[in-house]
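Undergrad: Numbering (UniProt numbering), first residue to last: 1 to 199.
#1: Keeping to the same chain, check which residues put their C-beta closer than 6 Å to that of residue 196; ignore five residues upstream and five downstream.
#2: Going by DSSP, what residue range makes up the beta strand (DSSP E) through residue 155?
#3: For residue 181, I'd like the list of residues in its chain whose CB is within less than 8 Å of its CB, leaving aside the five on either flank, ordered along the chain.
#4: When burial is assigned at 16 or more other CB atoms within 10 Å of the CB, is residue 266 buried or exposed?
#5: I'd like to know whether the C-beta atoms of residue 171 and residue 157 end up nearer to each other than 8 Å.
#6: Put residue 103 into one of helix, strand or coil per three-state DSSP.
#7: Excluding the 5 residues flanking residue 122 on each side, which residues of the same chain have their C-beta closer than 7 Å to its C-beta?
#8: In the DSSP assignment, what are the bridge partners of residue 129?
#9: Taking the Cβ atom as the reference point for each residue, do residue 32 and residue 9 lie within a distance shorter than 8 Å?
#10: Going by DSSP, which residues form a beta bridge with residue 83?
#11: Apart from the five residues on each side of it in sequence, which residues of its chain come closer than 7 Å, Cβ to Cβ, to residue 104?
#12: Would DSSP call residue 186 helix, strand or coil?
#13: Residue 95 by DSSP, collapsed to three states: which one?
#14: Which residue comes first and which comes last in the beta strand (DSSP E) that contains residue 9?
#15: Looking at the strands, I want to know which residues DSSP matches up with residue 175.
#16: What does the Cβ neighbour count give for residue 11, buried or exposed, with the cut at 16 atoms within 10 Å?
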């Protein structure tokens, strides 16, 4: 990772287990957020973890911890699964907030390989924060992929997100995961259509 994590002695561990149709995985990451006297604390970019309004108010955290676990089960042409993650942002004397902020995040999904060339996926994500501020976020996504050839695929996805509560900077804002687009409102819709060719 980059931004304020660079050189701050992060610690991480992860494990994966697979047996037949069942796959389990889990991981933990912890990092100090740098020298609080440095003016760079609290900055971020699209490659960092403080990029969206969901958690940008806590970029001055002295330390943060992230734990995540997931499970997937494959039954022929259908795979179902989900994950749960917990994130904690802990303040110190240089932070711009005084009470720890914690995030509980869960997601469930189902993937269907309808034909050798066509697949669909439906996912729902729920995020709840508490501590310094309290926000609730929902996201629903439907995606499809079609392979007309061995090296080309057509894909499309439609997502809807809604947020309520506060995010430490004001009213909570909905942000579709990985969209890098800040709507500035409590809801967001995103439609993606594309083509990919592998050389």
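Heads up, the beta-carbon is just placed ideally off N, CA and C, and yes, glycines get one too.
TA: So, to answer that:
#1: Numbered from its first residue, the chain shown carries residue 196 at position 196. If we look at residue 196 and ignore the five residues flanking it on each side, its Cβ neighbours are 153.
#2: One-based indexing of the chain shown puts residue 155 at position 155. Looking at the DSSP string, the run of the beta strand (DSSP E) that includes residue 155 is 152-165.
#3: In the chain shown, the residue the question calls residue 181 occupies position 181. Cβ within range, chain order: 175, 188 and 190.
#4: Residue 266 cannot be examined here, being either before or after the span of the chain that is shown, 1 to 199.
#5: As a working note, residue 171 is residue 171 in the chain shown. As a working note, residue 157 is residue 157 in the chain shown. No.
#6: Stepping through the chain shown from its first residue, residue 103 is reached at position 103. Residue 103 falls in the strand class under three-state DSSP.
#7: Locating residue 122 in the chain shown gives position 122, counting from the first residue. Same-chain partners within the cutoff: 109, 110 and 142.
#8: Residue numbering aside, residue 129 sits at position 129 when the chain shown is read from its first letter. The partner list for residue 129 (beta bridge, DSSP) reads 103 and 135.
#9: Taking the first residue of the chain shown as 1, we reach residue 32 at position 32. Taking the first residue of the chain shown as 1, we reach residue 9 at position 9. Yes, Cβ-Cβ distance for residue 32 and residue 9 is below 8 Å.
#10: Walking along the chain shown from the start, residue 83 turns up at place 83. According to DSSP, residue 83 bridges with 70 and 107.
#11: One-based indexing of the chain shown puts residue 104 at position 104. 86 and 128, listed in sequence order.
#12: Taking the chain shown and counting its residues from 1, the one referred to as residue 186 is at position 186. Of the three classes helix, strand and coil, the one that applies to residue 186 here is coil, per DSSP.
#13: Taking the first residue of the chain shown as position 1, residue 95 is located at position 95. Residue state, collapsed to three classes: coil.
#14: On the chain shown, position 9 is the one that residue 9 refers to. Residue 9 -> no beta strand (DSSP E), and no H or E assigned at all.
#15: Here residue 175 refers to the residue found at position 175 of the chain shown. Residue pairing by DSSP leaves residue 175 without any beta bridge partner.
#16: Here residue 11 is taken as the residue at index 11 of the chain shown, counted from 1. When all chains shown are included, residue 11 counts as exposed.
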